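Right, one structure below, let's go through it.
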Amino acid sequence: MSLLTMITKMAEGLGNTCAIFFLTLLFSLPLGMVIAFLRMSKSKIISNFTRVIIAILRGTPLMLQLIAVTYGPYYLFGISISRNKLIPVVIAFAINYAAYFAEIYRSGIESMPVGQYEAAEILGYSKVQTFFRVILPQVAKRIMPSITNEVVTLVKDTSMAFTVSYQEMFTIGKQIANSQTSFVPFVVAGAFYFIFNAIVDYVMGKVEKSMDYYE
Amino acid sequence: MKKITALLLAAMMLFALCACGQNDDVAAVDKFVIINEELGAEQYGIAFRADDQETCDAIEAAISQLVADGTYAEIAAKYDDIVDNLIFLQDAPELKEVPKSSRTFIMGIDPEYPPFSYMDDNGEYSGFDVEICKAACDLLGWDFQVFGVNWEQKLVQLDAGECDCVWSGMTILDSMKEAGYIISAPYYYNTQVLVVKESSGITTSADLAGKVVAVQLGTSGDDLLSEEGDLAELSATFSEVVTCDSFLKCFTELEGNSVDAVFVDLPVASNYINNK
């Protein structure tokens, strides 16, 4: 197989890799916010329950969660598995990443000094206004580097979708490697991930820069 | 900044050149040989879901037709490494009438298992099993599709309906029959062999006492060497059995001297050695 065919084949799979990446971010970023609020809830029951959920999601391998989400419903309830593997894959990724994002959001929100809430109250801000006008803009700025960290990890984690036979770039690379008894596809995969992450890095850098309004 | 870049580039070049040098050295001494000992005799078959006798019968009928009209031998002739051990070429199955119907048939393969199923030079799924299945589907009037399974979970994926059969150099195991899967008549005699480096001087399995052996996870070789397997006694003489997730990694471990032998299906071994 020529290098060009190899790269073309793997580039085709890159579309599926991107699908996991963007859909996961689309769902996990807001879901993380919801989980963060539940975690910070004043009700002990809700907060502890969320804590357990986060512990499970962070404490078990993503690979197992992928298998559980894909095959679990079939074995437990006899629901047939979706022909479109993207659905279970994105669900598993989104839930897993939401747990991490939730903790990042919480770290940001809880780092805000009480004085800011008090000042906002004196100025007549409602609770919702305080959060969206005062707290959130500062939180976003503080947590950006941690978010970038997770996003970069997500790019590489997409390779795990091979466990459930989803045809993303790395799955195809593995197939070519074994069919052609060559390690070149792994080098190509490495290059693809690196370029992907270079772009992510650039974009996130721009976003961070745009929040530098105090400097 | 420029200086640093230049330095980095120079370092990379040096590294690249070093790598080339090493490769040449290794290639000179490296030659893999198969130890002439048949360690596990077994047969390949096709697995279908427990309630799917109908599909199994249809595929078997189509294969009997392919054998009778010579298509089977024609396809087999393209695969030198396996042609001698194909059961139907020595002992043709009883000719059955091919039922025509229209449906989609999804063939479950391990896309990393040459020469039975793999990705060819054009990036299409090919191999002996794939070609036979395609020809059988043509006869039956079925729409043919290929699905790459994750070998460790092939039966889960079959159960779940992601594919309609597992047909990919699959060893028939008693455990599959006990679990209720419908298994076709065997079509290939397989043996498990040990592959070693010629320079190692190892010529029998007894020479491997105290050595490290690599095997692919989820293969019948993996079963044979396990504690309850038929070759548990032999396995106990090894210092360690290492499992890799693909046979390519097993062979690479051997090449890099981290293991002393690879335990693998004979056709895969000869295919690897011939194409290396």
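From first to last, the protein sequence lines stand for chains A and B. If you count by my numbering, then the first sequence holds residues 1 to 215, one letter each, in order. If you count by my numbering, then the second sequence holds residues 1001 to 1276, one letter each, in order. All C-beta atoms in this analysis are idealised placements derived from N, C-alpha and C, irrespective of residue type, glycine included. Every value quoted in this text rests on a predicted model; they were computed, and no experiment measured them.
**OP:** List the DSSP bridge partners of Lys1197(B).
**Re:** Phe1032(B)
Subject >> Simplified DSSP assignment, three categories, for Glu1233(B) >> reply: helix
Subject >> Identified DSSP bridge partners for Asn1085(B) >> reply: Partner(s): none; Asn1085(B) has no beta bridge.
Original post:
Taking Cβ-Cβ distances shorter than 8 angstroms, what residues in chain A pair up with Ala1160(B)?
Top reply: Tyr71, Tyr74, Ser80, Ile81
Original post:
Using 7 angstroms as the limit for Cβ to Cβ distance, is Val1264(B) near chain A?
Top reply: no
**OP:** Just confirm the distance between the C-beta atoms of Gly205(A) and Met10(A), as a whole number of angstroms; I'd bet it's less than 8 angstroms.
**Re:** Contact flag wrong, Cβ pair sits at about 27 angstroms.
Subject >> Euclidean distance between Cα positions of Lys1100(B) and Gln1065(B) >> reply: 13 angstroms
Original post:
Using a Cβ-Cβ cut-off of 7 angstroms (strictly less than) and excluding sequence neighbours within five positions of Leu29(A), which residues of its own chain qualify?
Top reply: Phe101
**OP:** Give every residue of the same chain whose Cβ lies closer than 7 angstroms to the Cβ of Ser1184(B), excluding the five residues on either side of it in the sequence, and list them in chain order.
**Re:** Gly1045, Ile1046, Cys1056, Ile1059, Glu1060
Subject >> Range of the contiguous alpha helix (DSSP H) that encloses Gln1157(B) >> reply: 1154 to 1159
Original post:
Taking the alpha carbon of Thr50(A) as the point to measure from, which residue in Ile95(A), Ala120(A), Val203(A), Gln129(A) has its own alpha carbon closest?
Top reply: Ile95(A)
**OP:** For Ser1117(B), name the three-state secondary structure that DSSP assigns.
**Re:** strand
Subject >> Interface flag, Asn84(A) vs chain B, CB-CB below 7 angstroms >> reply: no
**OP:** Please confirm if Asp1024(B) has its CB atom under 7 angstroms from at least one CB of chain A.
**Re:** Here Asp1024(B) scores only 44 on pLDDT, less than 50, and its place in the model should not be relied on; the value that follows carries that caveat. Chain A, which has no Cβ nearer than 7 angstroms to the Cβ of Asp1024(B), makes this no.
Original post:
Between the beta-carbon of Leu1248(B) and the beta-carbon of Ala189(A), is there less than 7 angstroms?
Top reply: no
Subject >> chain B contacts made by the stretch 170 to 187 of chain A, where a contact means CB separation under 7 angstroms >> reply: Lys174, Gln175, Ile176, Ala177, Asn178, Ser179, Thr181
**OP:** Please report the Cβ distance between Met33(A) and Tyr105(A), rounded to the nearest whole angstrom; I am assuming they are in contact, meaning their Cβ atoms lie under 8 angstroms.
**Re:** 6 angstroms
Subject >> CA-to-CA distance, Phe186(A) to Val200(A), given in whole angstroms >> reply: 21 angstroms
Original post:
In chain order, what residues of the same chain lie with their CB nearer than 6 angstroms to the CB of Lys1096(B), ignoring the 5 residues before and after it?
Top reply: Ala1061, Ser1064
Original post:
In or out: Val69(A) buried (at least 16 other Cβ within 10 Å) or exposed?
Top reply: buried
Subject >> Assumed close pair Leu1231(B), Leu1039(B) - CB separation to whole angstroms, cut-off 8 angstroms >> reply: 6 angstroms
Subject >> Among Glu118(A), Val89(A), Ile195(A), nearest to Phe27(A) - alpha-carbon criterion >> reply: Val89(A)
Original post:
Across which residues does DSSP place Ile1109(B) in a beta bridge pair?
Top reply: Gly1148(B)
**OP:** Grab me the residues of Pro1093(B)'s own chain with a C-beta within less than 8 angstroms of its C-beta, minus the 5 sequence neighbours each way, in chain order.
**Re:** Glu1060, Ile1063, Ser1064, Val1067, Ala1185
Original post:
Going along the stretch 1080 to 1108 of chain B in order, which residues come within less than 8 angstroms of chain A, judged by CB to CB distance?
Top reply: none
Original post:
What is the DSSP secondary structure of Pro73(A), reduced to helix, strand or coil?
Top reply: helix
Original post:
With DSSP run on the structure shown, which of helix, strand or coil describes Ala1238(B)?
Top reply: Reading off the sequence, residue 1238(B) comes out as Phe, not Ala. In this structure, Phe1238(B) counts as coil in the three-state DSSP scheme.
**OP:** Have a look at the DSSP bridge pairing and note the partners of Asp1042(B).
**Re:** Here residue 1042(B) is Glu; the residue named in the question, Asp, does not match the sequence. Answer is Asn1190(B).
**OP:** Along the beta strand (DSSP E) that carries Cys1165(B), what are the first and last residues, could you check?
**Re:** 1165 to 1171
Subject >> Other residues of its chain near Leu31(A): CB distance less than 7 angstroms, five sequence neighbours each side excluded >> reply: Ala94, Ala98
Original post:
Does any C-beta atom of chain B lie closer than 7 angstroms to the C-beta of Met1(A)?
Top reply: yes
**OP:** Kindly indicate if chain B contains any beta-carbon less than 7 angstroms away from that of Thr5(A).
**Re:** yes
**OP:** List the residues that DSSP assigns as beta-bridge partners of Tyr1125(B).
**Re:** Met1119(B)
Original post:
Can you list the residues of chain A that Lys1276(B) reaches, using a CB-CB cut of under 7 angstroms?
Top reply: Thr181
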